[in-house]
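Everything on this sheet refers to the single structure shown next.
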Amino acid sequence: MEYGSILFAHADSKLLTKIQAIETKAIKIAFRLPPWTTNYWCYQQISFDHILNRIKTKAKKFLDKNSEDELIKPLIDKAKPSMTG
């Protein structure tokens, strides 16, 4: 799910909600939790960060690492300030 996830960092909230739903469903399957288990209890079972946080972190690292790339720099310069921080 995380391959190319930096593309989703600033996606519409409806899409991000669907991505999180897929992750929580996978957690329920992996830990054999009943379908009615809340997201809170799903995330209590895992030892890694939520997917939405991981996506945002990866996107920030990518931008920080590649901010001077000649192909990416014009896109970053034109982006909204909230998207790069």
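Every number in this note's numbering is 75 more than the matching position in the sequence shown, counting from 1. For each residue, glycine too, the CB sits at the ideal point set by N, CA and C. None of these values were measured; they are calculated from a predicted model.
- Query: Okay, do the stretch 127-147 and the stretch 107-115 touch, 3+ Cβ pairs below 8 Å being the bar?
  - Reply: Because the criterion of three Cβ pairs below 8 Å is not met, the stretch 127-147 and the stretch 107-115 do not touch.
- Query: From Ala-84 to Ala-134, what does the alpha carbon distance come to, in whole angstroms?
  - Reply: Roughly 6 Å between the two C-alpha positions.
- Query: Which class does Ala-86 belong to by DSSP, given the choice of helix, strand or coil?
  - Reply: DSSP places Ala-86 in the coil class of the three-state scheme, outside both helix and strand.
- Chain-order list of residues whose beta-carbon lies under 7 Å from that of Tyr-115 (same chain, five-residue window excluded): Around Tyr-115: no qualifying Cβ.
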